[in-house]
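Okay, so here's the structure we're looking at.
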Amino acid sequence: MRTSTSFPLAATLALASGLVLMGCNDSHTYQDTVAEDPHDHDHGHDHDHDHGHHNTEGGRLVITAAPHHDDDHSHDHDHHHVYVFDLHDNEIIAELETEHEVSQLYASPGFRFALLNQRSENSTQILDGGQWQEDHGDHMHDYVQAPAMLSFALAGPAPTHYEAHEGLAALFYDGYADPQQNAAVFVFNDDDLAHGRIGASLTLAINQHGTAEVRGDYLLTTYRAEGTATTLPSQVELYHRHGDHYHYEIRFTEPCASLHGSYSIEDYTLFGCADGVLLVEQRGTQFLASKIANADGLTGRIGSFSGHKHQHEVIGYAGQAIWIIDAVHGTMRELDWRGDSEVTRVASAVDAHGEHYAVLDSSGALHVFDWDADFALKDSLALIETIDNNNRPRIAVNQQNETIYLTDPVAKQLVVVDLHSLTVERIALDFEPALITWLGVAEPSDDEHDH
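In mature numbering (1 follows the signal peptide of the UniProt record, and there is no 0), the protein residues as written are -22 to -1, 1 to 429.
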């Protein structure tokens, strides 16, 4: 077994850590100055902080405004706007600005923060959604404050893939070939972000378009050999956390050519390969790798996934085909989601309970499948009249219930769908929405929704 000491960050990543520390050292920590305990314990829950209520019901949506790339100088092209919509009051409560155009928008693993990747600028700004919960021993205490952009940002070469699992997140930096900047991984939880820090980091030996999955103290990430013609990795490595860094454990011998995409459920992590799906099973401190070969009817390859932590099946995407991958039995089968139609997949989502799977197609119809009924089609809803391929609709999932939110950029609306009742509501916006994510106090996991 090969061991190593810490993996020093590349220069840009070291600079990122400096920025993070500067952001919190200027005024102790972000938690101390902005998000400290806002209530008097003698008065129970009767205090709020910076906003007119402290009801966390519904949560909040973070929505970026579509950038304008025309010659209309009435638009302020130097600013990129992000809005926070409160779902309890049904109103925009904050309009903030990002330094650059946002390439990806993610929720932190505890859903308090939004991560606004600005890939081409090697930066990730962090927005505090203003709702979180703390364990006070005899009760869980909710906090509410006004949304705010944090004073520090994560910096590193080309932040791209992001995966969260059981309260921890891994943000993968692809790096660059010229000039050489190595790929790297930042691992953190919400407490790390609240205190202006990352929890642990790992710098890899070469740039690559990779991915990472954090599983407690272990990290599964990708390996690319020197001299390969593609930036896609070809194998998976296992690392073990030691404080703020990782030690190498093993490189799995099972190959995964043209690796792209990953996803984790309770006991398994899946990676998309040219010839199938690499399956890594965790048994305590042991990790076993195997391959689920591509099914006979699969053309192309599975390159991305979605799912739910309480399900043993994972949804894989191969072009317009959707495959249901059974991690326990090592099988895959195709979901016939569009019949004989020629529609294409625009967006998809799994609800917070893992009970429904929804697919929006290019005609604007949302197809809702009942996961527990073996993906039987529950209904198809005509929701969006016109789809602009330059700014396609996106979906956010409410982590408190079975509601999802679709952006309708052309109509400047949010389309609210309850996947249980199949009721639909529409919320008018005065801007063209682009990216979207949900923040708030997620419903705790319990046996009611275990499968």
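Every residue gets a Cβ at the ideal spot worked out from N, C-alpha and C, and that includes glycine.
- Distance between Phe283 and Trp110, taken at the CA atoms: about 28 Å.
- In this chain, Asp352 is not harboured by any alpha helix (DSSP H), its DSSP state being neither H nor E.
- Residue nearest to Phe150 within the set Ala299, Val192, Val60 is Val192 (criterion: CA-CA distance).
- Fewer than three pairs of CB atoms, one per stretch, sit closer than 8 Å, so the stretch 326 to 341 makes no contact with the stretch 260 to 279.
- By alpha-carbon distance to Ser236, the top candidate from Ala252, Ala325, Glu215, Glu244 is Ala252.
- Within the stretch 241 to 324, the complete beta strand (DSSP E) runs of at least 3 residues fall at 246 to 251, 254 to 261, 264 to 271, 282 to 284, 291 to 296, 299 to 304, 309 to 313.
- When the alpha-carbon of Asn95 is set against those of Gly108, Gly107, Leu105, Val80, the nearest one is in Val80.
- Checking the DSSP bridge columns, you'll see Asp67 has no partner listed.
- Counting along the chain, Asp396 sits inside the beta strand (DSSP E) bounded by residues 391 to 396.
- According to the DSSP assignment, Ala142 belongs to the beta strand (DSSP E) that extends over 137 to 143.
- By the criterion of a C-beta distance shorter than 7 Å, Leu407 is surrounded in its chain by Lys390, Gln391, Leu392, once the five residues flanking it on both sides are discounted.
- The Cβ neighbour count for Ala360, taken over all protein chains shown within 10 Å, is under 16; the residue is labelled exposed.
- Inter-residue distance for Thr415 and Arg372 is about 9 Å (C-alpha atoms, whole angstroms).
- At a cut-off of 4 residues, the continuous stretches assigned as alpha helix (DSSP H) that sit fully inside the stretch 157 to 191 are 168 to 172.
- Collapsing the DSSP output to three states places Glu232 in coil.
- Residues of the same chain with a CB within less than 6 Å of the CB of Gly297, apart from the 5 flanking positions on each side, are Gly278 in chain order.
- Counting the other Cβ atoms within 10 Å of the Cβ of Val346 gives 16 or more, which makes it buried.
- Under the 8 Å Cβ criterion, the stretch 243 to 250 does not count as touching the stretch 222 to 232, having fewer than three qualifying pairs.
- Check the Cα spacing between Glu141 and each of Gly36, Thr189, Ser326, Glu421: the tightest is with Thr189.
- Looking at Tyr383, Gln377, Thr401, the one whose alpha-carbon comes closest to that of Pro422 is Gln377.
- Ala44 is classed as buried because its beta carbon has at least 16 other beta carbons within 10 Å across all chains shown.
- When C-beta atoms of the stretch 99 to 109 are compared with those of the stretch 126 to 144, three or more pairs fall below 8 Å, so the two segments count as touching.
- For Thr138, the closest of Ile365, Asn185, Ala267 by C-alpha to C-alpha distance is Asn185.
- Per DSSP, the unbroken beta strand (DSSP E) holding Ala85 starts and ends at 82 to 85.
- Taking 7 Å as the cut-off, the beta carbon of Val40 is found no closer than this to the beta carbon of Leu313.
- Per DSSP, Asn95 is one residue of the beta strand (DSSP E) stretching across 91 to 96.
- Beta bridge pairing from DSSP links Asp113 with Met118.
- The beta carbon of Leu171 is closer than 7 Å to those of Ser86, Phe91, Ile104 in its chain, skipping five residues each way along the sequence.
- According to the DSSP assignment, Tyr151 belongs to the beta strand (DSSP E) that extends over 146 to 151.
- Within 10 angstroms of the beta-carbon of Pro157 lie fewer than 16 other beta-carbons, which makes it exposed.
- Measuring C-alpha to C-alpha distances from His288 to each of Ser341, Asp350, Trp315 identifies Asp350 as the nearest.
- Under the three-state reduction of DSSP, Glu79 is assigned to coil, being neither helix nor strand.
- The C-beta of Met310 has 16 or more other C-beta atoms within 10 Å across all chains shown, which makes the residue buried.
- At a Cβ-Cβ threshold of 7 Å, Leu248 and Val255 count as neighbours.
- For Asp106, the uninterrupted beta strand (DSSP E) run begins and ends at 101 to 106, by DSSP.
- Excluding residues up to 5 positions away in sequence, Phe63 lie with their Cβ nearer than 8 Å to the Cβ of Glu69 in the same chain.
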